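Below: one structure, written as structure tokens.
Number of protein chains: 2
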Amino acid sequence: MADKVTIATVAAHANVSRQTVSNVLNTPHLVREETRERVREAIAVLGYRANQAARLMRTGRSHLLAVRIEPTRDGINGSVLDRFLHGLTEAAAPAGYRILLYAAADDQAEIATYDDLLATYELDGFVLTSTHHGDVRTSWLAERGVPFVTFGRPWGRLGADARTEPAALSGAAGSHPWVDVDNAAGTAAATRHLLDAGHRRIGFIGWPEGSGVGDERRAGWAATAGADLPELARATVDGVAEGEAAAHDLLSISDPPTALVCASDSLAAGAYGVAPPGVAVTGFDDTAVARVLGLTSVAQPLAEAAARCVDLLAGVLDGGAAPHPVLLPPSLVIRQSA
Amino acid sequence: MADKVTIATVAAHANVSRQTVSNVLNTPHLVREETRERVREAIAVLGYRANQAARLMRTGRSHLLAVRIEPTRDGINGSVLDRFLHGLTEAAAPAGYRILLYAAADDQAEIATYDDLLATYELDGFVLTSTHHGDVRTSWLAERGVPFVTFGRPWGRLGADARTEPAALSGAAGSHPWVDVDNAAGTAAATRHLLDAGHRRIGFIGWPEGSGVGDERRAGWAATAGADLPELARATVDGVAEGEAAAHDLLSISDPPTALVCASDSLAAGAYGVAPPGVAVTGFDDTAVARVLGLTSVAQPLAEAAARCVDLLAGVLDGGAAPHPVLLPPSLVIRQSA
DNA sequence: CACCTCGCTTTGAACGTTCAAGGTGATAGA
DNA sequence: TCTATCACCTTGAACGTTCAAAGCGAGGTG
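Following this line, the structure appears as structure tokens:
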């Protein structure tokens, strides 16, 4: 533990040159079997570990990935990010990467942070969350050829045909690697579950049009509930009180729905509070709130999503081939509420 | 954006040597006013930013702090870590530090990770959470003279007299810098609030003895509730169902309590579910669950705590003086449940 | 005048790694 | 025998920064 163990220490111990040690680590096939073993043993004995800073200086690769940590919004859906971060960290380690956090108040501040992180720490890549329509961050990164993955598909263009675009690294406008959870499939599964339970008029409480994610969740319900009946859907800002109000409204129309599919656990929590017995309610994200209230909710495979983000980014960094986007299916967690 | 801007670029542009540019950045008083300005201008014009990797190689300071991200346990109290992490990241940036995440299954794995992070990334320091009795992590770090702060006081020794110890950096066994929230004050405030509301028999639902935090929360209740009546306290593993059971038990004794102070929102959520109207319940941590259920809960000043952690660590790293520990008061968020 | 001090600046080296190029000895082909 | 090829290994240089030391005028002191 006394002195630092560098590549030179190992070289001396194994009676080879620095470069040979380096080769054992990076291009083992160049080194004779016997020598390789001798060096490996010296590494083990001395407890040598390659210094990233020095390696970075030569190679330009920091093995650092950055993710933004957002302020907990309403606290209910906040734990989603928490779990995603944990998944990222766990998936990154075996791939040889570490996760660096940064905070930013808005997209512009985030771009300034990119600039700073790239210049001072020479980050290898970014994982972006909360993508939205007209996201300036992705184009900034793409223009500069900075590798990145988004958790959430690119909303600037429609559909999931991103794989038809040639290169994500080339800086060309267009697509980039992404991982997303199939939101529509989630609400569709919830709706189907309600249909199976005998419900025939199923309402939907979601967010105002324009948020890609919200629109998807609505579409999944609409496609499954039979017909997209505008009178059975309500759009509101996210929140418990808002969910209450919307549910109250929906349940007081003539021929009211007997079940409510909600775009978030916050909305569902509010709706469930005012729904009379027998009216089923489902939420989205399978948060702690859903667990405590006994809300049936759509669960996103966050650990899996995080792992795929790391895979994609590692692929771009190592291989260079533009990887295919990944769309993951959510699952329905059934509890008392539906 | 084309070529890299290094200290040499700036030096050439300002007609000085590399070292002078370095001095402007690190020891400005050594440089003549006029020269200083000229260099500063060149830096601004060129958009120069010091490369951390190169700086690290010379100075041994990475300006990186590491924090462990834990798997969301029951999901209810998980958001506490989330908010703490966000606070850390925000506080670290202006101080010139960045936050690196790591995951570890247990304390032993965590120590292995320290070893790795220190060797490969030369981390400046660690922020530890979830400290507990007989924590092997702190002694490992202290022995090696690695700077660290804990969020949560050292439970190995009693009391808050850590400041009497000479040095936290010296590697001597003993105390280290820490930040904590005054758990006892939190449950005391909740209990006092209940007393003010007219309750006279106030029960407590907490965790088994031995977890420092849990014992503290119990002590705050015990000291305020009048007398420490064992018959009014229950200890159980954390969880909603466990809270239900404990509340059920407490409320069925003769002369049952009319109010329940709980050591967590999970326990409180369970208790609140089975408590008849009129029986008040308070939780701890002010999580999303408390917000949704309308639970009165003790809120920890997490952003503040995180900021103080950064302060202490930065103090140790820059100054070297062993900083005083910090004990922060929590606040009571009053809602319908009490 | 010789010498020292002070304020400011420059020069060479070093941190630990990998790249690019070169060296060496053995084997093979002409 | 000379040269080419090959497998393996070593040698300088470089990445961008800061440390340690030294240079260099101007001013002061004996």
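In order, the protein sequence lines correspond to chains A and V.
What the first sequence shows, in full-length UniProt numbering, is residues 1 to 338, in sequence order.
What the second sequence shows, in full-length UniProt numbering, is residues 1 to 338, in sequence order.
For every residue, glycine included, the Cβ atom is placed at its ideal position computed from N, Cα and C.
Since we're looking at a predicted model, the values are computed, not measured.
- One alpha carbon belongs to residue 324 of chain V, the other to residue 304 of chain V, and they sit about 16 Å apart.
- Nearest in C-alpha terms to residue 302 of chain V, of all of V:218, V:258, V:180, V:219, is V:180.
- Using a Cβ-Cβ distance cut-off of 8 Å, the stretch 278 to 289 of chain V and the stretch 331 to 338 of chain V are in contact, since at least three pairs of beta carbons, one from each stretch, lie closer than that value.
- In terms of Cα proximity to residue 207 of chain V, the closest of V:61, V:241, V:262 is V:262.
- One Cα belongs to residue 34 of chain A, the other to residue 45 of chain A, and the distance between them is close to 17 Å.
- Contact between residue 114 of chain V and residue 141 of chain V is confirmed by a C-beta separation of about 7 Å, below the 8 Å threshold.
- The Cβ of residue 24 of chain A sits no closer than 8 Å to any Cβ of chain V.
- Scanning chain V for C-beta atoms nearer than 9 Å to the C-beta of residue 122 of chain A yields 51, 52, 53, reported in chain order.
- For residue 72 of chain V, no alpha helix (DSSP H) run applies, since DSSP gives it neither H nor E.
- Following the DSSP letters along the chain, one finds residue 6 of chain V in no alpha helix (DSSP H), marked with neither H nor E.
- Here residue 18 of chain A has 7, 8, 11 as same chain residues with Cβ atoms under 7 Å from its own Cβ, once five neighbours each way along the sequence are excluded.
- When DSSP states are grouped into helix, strand and coil, residue 198 of chain A belongs to the coil group.
- Every alpha helix (DSSP H) of 4 residues or more that sits fully in the stretch 267 to 320 of chain V is shown, in chain order, as 288 to 293, 302 to 318.
- For residue 59 of chain V, there is no enclosing beta strand (DSSP E); the residue is part of the alpha helix (DSSP H) that begins and ends at 52 to 59.
- Sequence-distant Cβ neighbours of residue 150 of chain V in its own chain, meaning closer than 6 Å and more than five residues away, are 128, 131, 178.
- Residue 18 of chain V carries a helical assignment under DSSP once its states are collapsed to helix, strand and coil.
- When the five nearest sequence neighbours on each side are left out, the beta carbons in the same chain lying within less than 8 Å of the beta carbon of residue 65 of chain V are those of 88, 92, 97, 98, 99, 100, 123, 124, 125, 126, 127, 310, 313, in order along the chain.
- By the C-beta criterion, the stretch 273 to 280 of chain V is judged not to be in contact with the stretch 314 to 321 of chain V, since fewer than 3 inter-stretch pairs fall below 8 Å.
- In this structure, residue 53 of chain A lies away from residue 119 of chain V, with their beta-carbon atoms at least 8 Å apart.
- Counting along the chain, no alpha helix (DSSP H) covers residue 97 of chain V, and no H or E run does either.
- Listed along chain A, the residues sitting closer than 9 Å to residue 72 of chain V by beta-carbon distance are 79, 82, 83, 86, 288.
- In the structure shown, residue 62 of chain V adopts coil according to DSSP, grouped into three states.
- Runs of the beta strand (DSSP E) lying entirely within the stretch 179 to 244 of chain V and spanning at least 3 residues, in chain order: 202 to 206, 233 to 235.
- Using beta-carbon distances, residue 116 of chain A counts as an interface residue toward chain V, with a partner under 8 Å.
- The Cβ-Cβ distance between residue 70 of chain V and residue 103 of chain A does not fall below 8 Å.
- Fewer than three Cβ pairs drawn from the stretch 286 to 294 of chain V and the stretch 212 to 222 of chain V lie within less than 8 Å of each other, which leaves the two stretches out of contact.
- Judged by their CB atoms, residue 202 of chain A and residue 187 of chain A are not nearer to each other than the 8 Å cut-off.
- Residue 297 of chain V and residue 265 of chain V have their C-alpha atoms roughly 7 Å apart.
- Within chain V, the residues placing a beta-carbon under 7 Å from that of residue 90 of chain A are 103, ordered along the chain.
- Cβ-Cβ separation between residue 232 of chain V and residue 257 of chain V: approximately 6 Å, consistent with a contact (criterion under 8 Å).
- As the crow flies, the alpha-carbon of residue 205 of chain A is around 27 Å from that of residue 326 of chain A.
- Listed by position along chain V, the residues whose Cβ is nearer than 7 Å to that of residue 240 of chain A are 292.
- Straight-line spacing of the CA atoms in residue 29 of chain A and residue 22 of chain A works out to 12 Å.
- When DSSP reads this structure, residue 150 of chain A sits in a beta bridge with A:128, A:178.
- For residue 69 of chain A, the residues of chain V that pass the 7 Å Cβ criterion are 85, 86, 89, in the order they occur in the chain.
- About 5 Å separates the beta carbons of residue 306 of chain V and residue 84 of chain V, which is inside the 8 Å limit, making them a contact pair.
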